[in-house]
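Single-structure report; data block below.
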Amino acid sequence: MRIFDPHIHMTSRTTDDYEAMYAAGVRAVVEPSFWLGQPRTSPASFRDYFDALLGWEPFRAAQYGIAHHCTIALNPKEANDPRCAPVLDELPRYLVKDNVVAVGEIGYDSMTPAEDTALATQLQLAADHGLPALVHTPHRDKLAGLRRTLDAVRESALPPERVLVDHLNETTVKEAKDSGCWLGFSVYPDTKMDEERMIAILRAYGTEQVLVNSAADWGKSDPLKTRKVGDLMLAEGFTEDDVDRVLWRNPVAFYGLSGRLNLDVAGTEPTHEGNSILRGAPKDPHEPDPGPGGGDEPARVPVAEA
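In full-length UniProt numbering, the protein residues as written are 1 to 306.
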């Protein structure tokens with residue numbers, strides 16, 4: 001089973017997660033820029049974060065045989081802070097980068113006027129740069145948020161077939177599908193969707209233009225949820241082709257709209273700007289063991305093959 005997780009926040013995950021994801025069949029990911037939990041107070045902190053999504057994180061993913069792309073945006077929650085609004089002026093310099101395959105996450109959190117402005121601005125930036133858009137629907141008042149989102153898309157220069165509406169559920173899927181947008185579902189351990197509900201939606205609405213993601217982040221989440229959905233699909237009578245469409249071909253098709261998707265995992269240098277994912281030097285087999293507390297533990301050897 002080959003898996004492309006189209007929405008996962010690997011900045012919040014460990015190299016153990018990368019290793020487990022590769023073993024589960026994950027070969028590609030898209031990491032949307034998002035709210036980090038701790039509010040940011042200036043555009044400079046966004047620039048550093050965007051640079052990490054374009055440099056350090058693809059390097060880290062490649063050590064484990066996984067192709068990494070990202071989406072760049074001012075997220076809806078922080079769009080409400082006037083100190084962060086200048087980030088909108090910074091985005092064009094990032095939206096031309098090869099590894100950026102969409103503008104996102106954009107959308108609504110509390111459905112404020114500031115969020116209206118940020119969403120409209122960034123939908124226009126997506127259209128101007130020939131990129132699709134990844135849209136976050138709010139965690140509260142989801143149906144009202146979806147309708148307001150779809151209104152903004154209709155008023156924009158970006159056609160709905162270049163928009164992925166994410167965090168959908170049973171209350172929002174029909175109107176999202178009727179709009180012509182792509183459909184995104186985040187599968188979580190306790191909140192949002194679970195595997196069984198996802199199967200029911202696939203039975204009711206089919207597999208066309210459906211993307212399933214783990215959206216794994218700093219909260220309680222599971223980067224292997226995509227694999228678990230695939231396994232349950234097979235157990236519930238879906239074909240291997242159905243699974244491949246949902247977990248691979250659909251995300252490839254959507255992010256391929258950017259013209260920048262590259263699923264080859266090229267060999268990397270041992271370090272990124274002088275930094276390695278290894279902590280401490282590998283253990284010399286001829287050196288005596290210093291014992292507990294006697295030195296850095298040897299690091300796990302990363303997956304070598306792509």
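Idealized CB from N, CA, C, for every residue including glycine. Note that the structure is predicted; figures quoted are calculated from it, not measured.
Open item on the list: Within the continuous alpha helix (DSSP H) that includes ALA120, where are the two ends?
Closed with: The residue given as residue 120 occupies position 120 in the sequence shown. From DSSP, the alpha helix (DSSP H) with ALA120 extends over 113 to 128.
Task: In chain order, each beta strand (DSSP E) run of at least 3 residues that lies wholly inside the segment 10 to 55 - done: Whole beta strand (DSSP E) segments, 3+ residues: 26 to 32.
Open item on the list: Which residue marks the beginning of the beta strand (DSSP E) containing LEU134, and which one marks its end?
Closed with: In the sequence shown, the residue the question calls residue 134 occupies position 134. It spans 133 to 136 - the beta strand (DSSP E) in which LEU134 sits, taken as one unbroken run.
Open item on the list: Taking a contact to mean a Cβ-Cβ separation below 8 Å, would you say VAL153 touches CYS181 in this structure?
Closed with: By one-based count along the sequence shown, residue 153 stands at place 153. By one-based count along the sequence shown, residue 181 stands at place 181. Their beta carbons are under 8 Å apart, which means VAL153 touches CYS181 by this criterion.
Open item on the list: Is the beta carbon of GLU31 closer than 8 Å to that of ILE66?
Closed with: Here residue 66 is taken as the residue at index 66 of the sequence shown, counted from 1. Here residue 31 is taken as the residue at index 31 of the sequence shown, counted from 1. No; because the gap between Cβ atoms is not below 8 Å, this pair is not in contact.
Open item on the list: If distances are taken between C-alpha atoms only, which option among ASP190, THR121, GLN63, ALA102 comes closest to ASP89?
Closed with: Reading the sequence shown from its first residue, position 89 is the one you call residue 89. Its Cα nearest to that of ASP89, the residue THR121 stands out among ASP190, THR121, GLN63, ALA102.
Open item on the list: Can you find the residues in the same chain that come closer than 8 Å, C-beta to C-beta, to GLU175, ignoring five residues on each side of it along the sequence?
Closed with: The sequence position of residue 175 within the sequence shown is 175, counting from 1. Excluding sequence positions up to five before and after GLU175, its CB lies within less than 8 Å of the CB of LEU143, LEU146, ARG147, LEU150, all in the same chain and listed in chain order.
Task: Whole-angstrom distance between ASP5 and THR41, CA atom to CA atom - done: By one-based count along the sequence shown, residue 41 stands at place 41. By one-based count along the sequence shown, residue 5 stands at place 5. Straight-line spacing of the CA atoms in THR41 and ASP5 works out to 30 Å.
Open item on the list: Give the list of continuous beta strand (DSSP E) stretches no shorter than 3 residues that lie fully inside the segment 157 to 240.
Closed with: If we require 3 residues or more, the beta strand (DSSP E) runs fully inside the segment 157 to 240 come out as 163 to 166, 182 to 186, 210 to 213.
Open item on the list: Count Cβ pairs between the segment 68 to 79 and the segment 228 to 242 that sit closer than 8 Å; are there 3 or more?
Closed with: The count of Cβ pairs closer than 8 Å, one atom from the segment 68 to 79 and one from the segment 228 to 242, stays below three, leaving the stretches out of contact.
- [ ] Could you work out which residue in THR15, SER12, ALA23 is closest to THR226 when comparing CA atoms only?
- [x] For the purposes of this step, residue 226 is identified with residue 226 of the sequence shown, where counting begins at 1. The closest CA to that of THR226, considering only THR15, SER12, ALA23, is found on ALA23.
Task: Backbone CA spacing between ALA61 and HIS68 [nearest angstrom] - done: The residue labelled residue 61 in the question sits at position 61 within the sequence shown. The residue labelled residue 68 in the question sits at position 68 within the sequence shown. The straight-line gap from Cα to Cα measures roughly 6 Å.
Open item on the list: Could you give the first and the last residue of the continuous alpha helix (DSSP H) run that contains ALA253?
Closed with: Along the sequence shown, read from residue 1 onward, the residue named residue 253 stands at position 253. It spans 250 to 256 - the alpha helix (DSSP H) in which ALA253 sits, taken as one unbroken run.
Open item on the list: Once DSSP output is grouped into helix, strand and coil, what is the label at VAL96?
Closed with: Here residue 96 is taken as the residue at index 96 of the sequence shown, counted from 1. When secondary structure is reduced to three states using DSSP, VAL96 falls in the coil class, being assigned neither helix nor strand.
TODO: Decide if the segment 48 to 59 is in contact with the segment 241 to 259; the criterion is three or more beta carbon pairs, one per stretch, under 8 Å apart.
DONE: The segment 48 to 59, when compared against the segment 241 to 259, does not touch it at the 8 Å Cβ threshold.
Task: Other residues of its chain near LEU263: CB distance less than 6 Å, five sequence neighbours each side excluded - done: Residue 263 sits at position 263 when you count from the first residue of the sequence shown. Within the same chain, LEU263 has close Cβ partners ALA28, ALA67.
Task: Sequence-distant residues of its chain with Cβ nearer than 8 Å to PRO285 (five each side left out) - done: Here residue 285 refers to the residue found at position 285 of the sequence shown. Legend: pLDDT at PRO285 = 49, less than 50; position of this residue unreliable, no value from coordinates given.
Open item on the list: At the level of alpha carbons, what is the spacing between ASP81 and PRO92?
Closed with: Counted from its first residue, the sequence shown places residue 81 at position 81. Counted from its first residue, the sequence shown places residue 92 at position 92. One C-alpha to the other measures close to 20 Å.
- [ ] Note down, in chain order, each residue of its chain lying with its Cβ closer than 8 Å to the Cβ of VAL100, except the 5 sequence neighbours on either side.
- [x] Numbered from 1 along the sequence shown, position 100 holds the residue referred to as residue 100. For VAL100, where only same-chain residues beyond five positions count, the Cβ hits under 8 Å are LEU54, HIS69, CYS70, THR71, ILE72, TYR94, LEU131, SER258, ARG260.
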